[in-house]
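Novice: Dumping the structure here so I can ask a few things about it.
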Amino acid sequence: MAIPLALITRLFQLLSERKFAEAERVLERINSRIMKSEQKDFNRGYLEALSGIVLTYRSTGESYEFFSNLNLNDVDALKRHYRDFLNQTRSRFHGDYDRGYFSALADYMRVVLRTVQSKAKTEPSQN
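Quick note on our numbering: the sequence shown kicks off at 73 and runs consecutively.
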């Protein structure tokens, strides 16, 4: 799959800013790129996860408990989630669809981690 991390990052940035129309356009760009690949089941899983993340951000309620309980200030927990999703992506016990799904969640966690860590570096410490 040849989806640049910058495009994934842009999608999640737009979602966090609640710019859903632009986020949907980025998701369509990702969809058009990913469908050129031969990994049909993996791609379908990846896109389903991204669509689920978009739906969660759009929803006024808390559709997925995972996102509502995600503490963006707990870098260690974010790293654990990232490693867990990455391990699921690599698991031989999962089919291609599941590996694609977990791969999208790992990409999401990687972007969240980078964002949180960069914000922590730029914010002055509060003593």
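Every residue, glycine too, gets a C-beta built ideally from N, C-alpha and C. This one's a predicted model, so the numbers in the text were calculated from it and none came from an experiment.
Compare the beta carbon distance of E120 and Y154 with 9 Å and say whether it is the shorter of the two.
Specialist: Cβ distance not < 9 Å, so E120 and Y154 don't count as in contact.
Novice: Grouping DSSP H, G and I as helix and E and B as strand, with all else coil, what is N143?
Specialist: N143: coil per DSSP, three-state reduction.
Novice: Can you give, in chain order, each stretch of the alpha helix (DSSP H) that sits fully within the stretch 153–197 and has at least 4 residues?
Specialist: Listed in chain order, they are 168–194.
Novice: Mark F157 as exposed unless 16 or more other C-beta atoms lie within 10 angstroms of its C-beta, in which case mark it buried.
Specialist: Answer is buried; the Cβ neighbour count reaches 16.
Novice: How many Å lie between Y180 and D168 at the Cα?
Specialist: Computed Cα separation, rounded: 18 Å.
Novice: Identify, in the order they occur along the chain, each residue of the same chain with its Cβ nearer than 8 Å to the Cβ of L77, setting aside the five sequence neighbours on each side.
Specialist: Excluding residues within five positions, the ones whose Cβ falls inside 8 Å are D179, R182, V183.
Novice: From L144 to V188, what does the alpha carbon distance come to, in whole angstroms?
Specialist: Near 7 Å, if we compare the C-alpha coordinates of V188 and L144.
Novice: Since G117 and R171 are thought to touch, with beta carbons under 8 Å apart, how far apart are those beta carbons, to the nearest angstrom?
Specialist: At roughly 7 Å, the Cβ-Cβ gap stays under 8 Å, so G117 and R171 are in contact.
Novice: Taking the alpha-carbon positions, what's the I97 to L87 distance?
Specialist: The sequence shown places Arg at residue 97, rather than the Ile named in the question. Straight-line Cα distance between these residues: approximately 12 Å.
Novice: Rounded to whole angstroms, how far is the Cβ of R101 from the Cβ of L127, which I believe are closer than 8 Å?
Specialist: Not a contact, Cβ separation roughly 18 Å.
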